[in-house]
Structure formats: structure tokens, C-alpha cells
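The next block holds one structure in the form of C-alpha cells; read it before the comments.
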Amino acid sequence: MQKLLLLQVGHTFEEIARERGDYDVWFRDGLGLAPAQLEVARVFDGAPVPRRLDYDAVVVTGSWSMVTDREPWSEACADYLRGAVEARMPVLGVCYGHQLLAHALGGLVGYNPAGRHAGTALVELTEAACEDPLFRELPSPLQLHVSHSQRVIDPPAEAVVLAHTALDPYHAFRVGECAWGVQFHPEFDAETARAYIQMRYATIAAEGLDPDALMQGVKESPHGRDLLRRFAALL
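Following this line, the structure appears as C-alpha cells:
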């Protein structure tokens, strides 16, 4: 039986969690796992980062925090990811996890010069994605949900860039044979993407964006779930 580690580095909004569960539930369902197959380390809440590197894979969630703050729990997760990559353990970093993987491997993370990215984005795959084990059977462009203000500014030197958007040239990458970072949220559905915009309505409007237009632009798509199931199948 597969045993995956989820490094939970944040939480969703309380209002959403009461109705739909938290990140651990979304990833478990998205990956198609039974509860016993997913070990959750809630490092954001003070849980220690496991020392074991013998899981079938590790997945890193999104977070309200910023990688550039280099909080101790975050740097401990970065150390773990370096060890996982060296051990050739499959890795999937999502949003904050994507940025943290880049940071752990020598890349640069910072605020997106193009500003906040929210709603549903068209994600264009690169030529390299055609040969990538995780992305090669997915169509291009993909419709995927996003919610972030920081991004990978410079990917790790050894990274293979797999996808980009109009606001982000390094939206997905792979390092080595089995470590991926994706800036989008494959665990989100359209309802969640709209809720995130609604919850941040005032902040988004203050930044000069139109939250109503962003909500209207949210599209339902199977592409996130497809990617999570492909990651689980690769194991």
C-alpha cells in the first residue's frame, strides 16, 4: 500500500474548512488515496518535519505565509525537500510548495512583478512537457486555478521548465526524474477558486484588480484532478 507524506504548511479559510474540509482532505481525495495512505505533518501548526525519507512520495501544500520570510518551520521543510530530491523520492510542491522546492534547490522566490494571480489561468505547456512523465498526456493549454502573489523568479539551475502563464514564465518545473513544482492549485475546484476571490475581495480590489471579473472568469476544469491522479499513478 502506498504511503505518502503531506507537508501541510498552511490552512484554508475557516469558513471553507467547516463546509469542505482542509488541504489534507482535498489532496487525499484528489490523489485518490484512502485515509491510511496519507500521513499528514501539520508543520505550520508546530508539528515536526519527519526525518524519514522512505515514503512513496511527499506533497507540499499551499500556505498564507511567504517563502521569502524564511520562517524556521519553512526552512526545515526546505531541508527535507533537498534530502528527498537527493534520495530520488517523488515530490510534488503546490503553490507555496512549488516556491519552497525552488528555494530549497537554489532558485529565487519573490513577489510577482506582474502582481497577484487569482481565479482560473490558462497554463501553456512547454515542449519539454511533451516528454515529461507527469505532464506528457495532458492537453495544452490547461485551465487551472491560481491564488498567489509570490512566484519563482529564477528556477533552480537544473530545473526543466514545463509550463508558463501570461503572468508567470516558470509556472511548473521538474528537477531530476521525479520532483515537480506547480504554482497552480490542482486540488482546487471552481467553487473553491471563487470562494478564495470572495474572501480576499477587498485586498484584490485595493491592488487594482476586478474581483467580480475574476470570479466570472473562473471555469470548471478536470485538469487539476487529472494531474493529481497521474502523480499518484506514477508511484
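Here the numbering used here is used: the first residue of the sequence shown is 1020, the next is one more, and so on. For glycine and all other residues, C-beta sits at the position ideal for the given N, C-alpha and C.
1. Could you tell me whether the segment 1034–1054 touches the segment 1072–1090, using the rule of 3 or more Cβ pairs below 8 Å?
2. DSSP has residue 1192 in a bridge; who is on the other side?
3. Does the separation of the CB atoms of residue 1143 and residue 1191 fall below 8 Å?
4. Given a threshold of 16 other Cβ atoms within 10 Å of its Cβ, counted over all protein chains shown, does residue 1040 qualify as buried or as exposed?
5. How long is the line joining the alpha carbons of residue 1102 and residue 1022, rounded to whole angstroms?
6. Thinking C-beta only, is residue 1204 closer than 8 Å to residue 1114?
7. Tell me which residue opens and which closes the alpha helix (DSSP H) that residue 1093 is part of.
8. My understanding is that residue 1068 touches residue 1126, with C-beta atoms under 8 Å, so please give their C-beta distance in whole angstroms.
9. On the three-state DSSP scale, how would you describe residue 1058?
10. Tell me whether the beta-carbon of residue 1194 lies closer than 8 Å to the beta-carbon of residue 1175.
11. Please confirm whether residue 1238 and residue 1087 have their CB atoms less than 8 Å apart.
12. Exposed or buried, residue 1215, counting other C-beta atoms within 10 Å across all chains shown (16 or more means buried)?
13. For the beta strand (DSSP E) that residue 1077 lies in, which residues bound it at each end?
Working from what's here:
1. yes
2. 1180, 1200
3. For residue 1143 and residue 1191, no; Cβs fall outside 8 Å.
4. exposed
5. 18 Å
6. yes
7. 1091–1105
8. About 20 Å separates the CB atoms of residue 1068 and residue 1126; that is not less than 8 Å, and the two are not in contact.
9. strand
10. yes
11. no
12. buried
13. 1076–1079
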